[in-house]
Amino acid sequence: MVLFALASKIPPEAAAPTTDDAMDMESDYEGNLPVLQTATALATSFLICKAATYLTKLYGIQGGTLPGVTAIVVILATLLPKQIGSLGSASHTVALILLQVKLCKFFCFTLFMVKY
Numbered sequence: 000m001v002l003f004a005l006a007s008k009i010p011p012e013a014a015a016p017t018t019d020d021a022m023d024m025e026s027d028y029e030g031n032l033p034v035l036q037t038a039t040a041l042a043t044s045f046l047i048c049k050a051a052t053y054l055t056k057l058y059g060i061q062g063g064t065l066p067g068v069t070a071i072v073v074i075l076a077t078l079l080p081k082q083i084g085s086l087g088s089a090s091h092t093v094a095l096i097l098l099q100v101k102l103c104k105f106f107c108f109t110l111f112m113v114k115y
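This is the structure:
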């Protein structure tokens, strides 16, 4: 709490204009399902997860899969920003599907676990 109170006293920094390519990219999401991009995003995420799991088991790092995945994603996004950024429109579709699955599991759990 003390850190937040101290940080609130600091005035905000002036935003410098950037010419970052990622800022200029627009989403291709137009309400349609980008099947190829979704498949590529799922395959890429599968490979990233498998690589992180393999590396953590290889080096014996217990509980290091999530930090490994994070490190691999950050490295890939840094080295290949346009290729990784082009998968962004697929994130809408995947997020929508995962949200529906999560909500379905939540409602099914609450409906069947409630005792009358």
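In numbering that gives the first Met the number 0, the protein residues as written are 0 to 115. A virtual CB, placed ideally from N, CA and C, is assigned to each residue, including glycine.
Please state the DSSP three-state secondary structure of residue i.
{"i": "Pro10", "result": "coil"}
{"i": "Asp27", "result": "Interpretation of Asp27 is limited by its pLDDT of 49, a score under 50 that renders its predicted location unreliable; no figure is taken from the coordinates."}
For residue i and residue j, I'd like the C-alpha separation in whole angstroms.
{"i": "His91", "j": "Phe45", "result": "18 Å"}
{"i": "Ile74", "j": "Leu54", "result": "15 Å"}
{"i": "Thr43", "j": "Ala70", "result": "14 Å"}
{"i": "Val34", "j": "Ala94", "result": "14 Å"}
{"i": "Ile47", "j": "Cys107", "result": "31 Å"}
{"i": "Lys104", "j": "Leu41", "result": "21 Å"}
{"i": "Asp27", "j": "Gly59", "result": "Residue placement at Asp27 is poorly supported in this model, since its pLDDT is 49, which falls under 50; the coordinates are not used for a value here."}
{"i": "Ala51", "j": "Pro66", "result": "8 Å"}
{"i": "Pro10", "j": "Thr77", "result": "30 Å"}
{"i": "Val72", "j": "Ala38", "result": "17 Å"}
{"i": "Gln82", "j": "Gln36", "result": "11 Å"}
{"i": "Glu12", "j": "Ile96", "result": "38 Å"}
{"i": "Val100", "j": "Leu57", "result": "33 Å"}
{"i": "Gly62", "j": "Ser88", "result": "31 Å"}
{"i": "Val68", "j": "Leu98", "result": "21 Å"}
* Would you list, in sequence order, the uninterrupted alpha helix (DSSP H) runs of no fewer than 4 residues that lie entirely inside the region 28–96? => 34–58, 64–78, 80–84
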